[in-house]
Amino acid sequence: MEDSALVEDRKAGAHRTLTALVIMMSALFVGSLLFMVLSGDQRSPEGRRVLAVLPVQGSSPETVADRFAGFGEGLAAYFGRADPMVLGVFGPASTSRLVESGEDPLSVGRTLGADMVLVGREVSGDLSATLVSELFRVDDGTTLWRGEYEAGLDLDRSALLLGVALEVTGVLDLPR
């Protein structure tokens, strides 16, 4: 009889311990959920700039699809490595639907809450093409930087991407 009473006491103790653990874990979960909800409403840090990188536009859709596919994504990835407390980046995955709907670059920037917009377009010439990249300030449309790059048949996309990225990095005064 004493053995059955001892077993019952142990079961009751284990049940109380399990109940206490479940209550404690539930309280911890609810507390962390409240913390995330309350602190998640904070805006971007003071002084943080946001850059929207638009897809490269071209003289014809086929040309851009072949020659500059992924170019904007590469630039967004390059700038995305910057400290997120210093620079936020919207890449072409976020901006393309707005561009395709016909919005101009500054409107895209305003819609996304960006401070600057980086655009690129191919301009066809008589013998070769040129990639024109521009960095605009969204609030007043000021051109912060403009670069023109030869985009001939022997185009080295990696070198071109690095050239544009380094120029814009200098303008934004970001660490390299």
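Residues 1 to 176, numbered by this note's numbering, are exactly what the sequence shown covers, in order.
Positions of the beta carbon are idealized from the N, C-alpha and C atoms, including for glycine.
Asked: Range of the contiguous alpha helix (DSSP H) that encloses Phe71; Found: 71 to 80
Asked: Three or more C-beta pairs below 8 Å linking the region 145 to 162 and the region 122 to 131; Found: yes
Asked: Distance between Met24 and Gly113 (C-alpha atoms, nearest Å); Found: 41 Å
Asked: Local Cβ density within 10 Å of Leu28, reported as buried at 16 or more and exposed below that; Found: exposed
Asked: The region 48 to 59 in contact with the region 80 to 99 per 3-pair CB rule at 8 Å; Found: yes
Asked: Helix, strand or coil at Leu6 [DSSP, three-state]; Found: helix
Asked: Span separating the alpha-carbon of Leu118 from that of Leu135; Found: 4 Å
Asked: First through last residue of the alpha helix (DSSP H) which encompasses Ala129; Found: Element bounds for Ala129: not the alpha helix (DSSP H) but the beta strand (DSSP E), 129 to 137.
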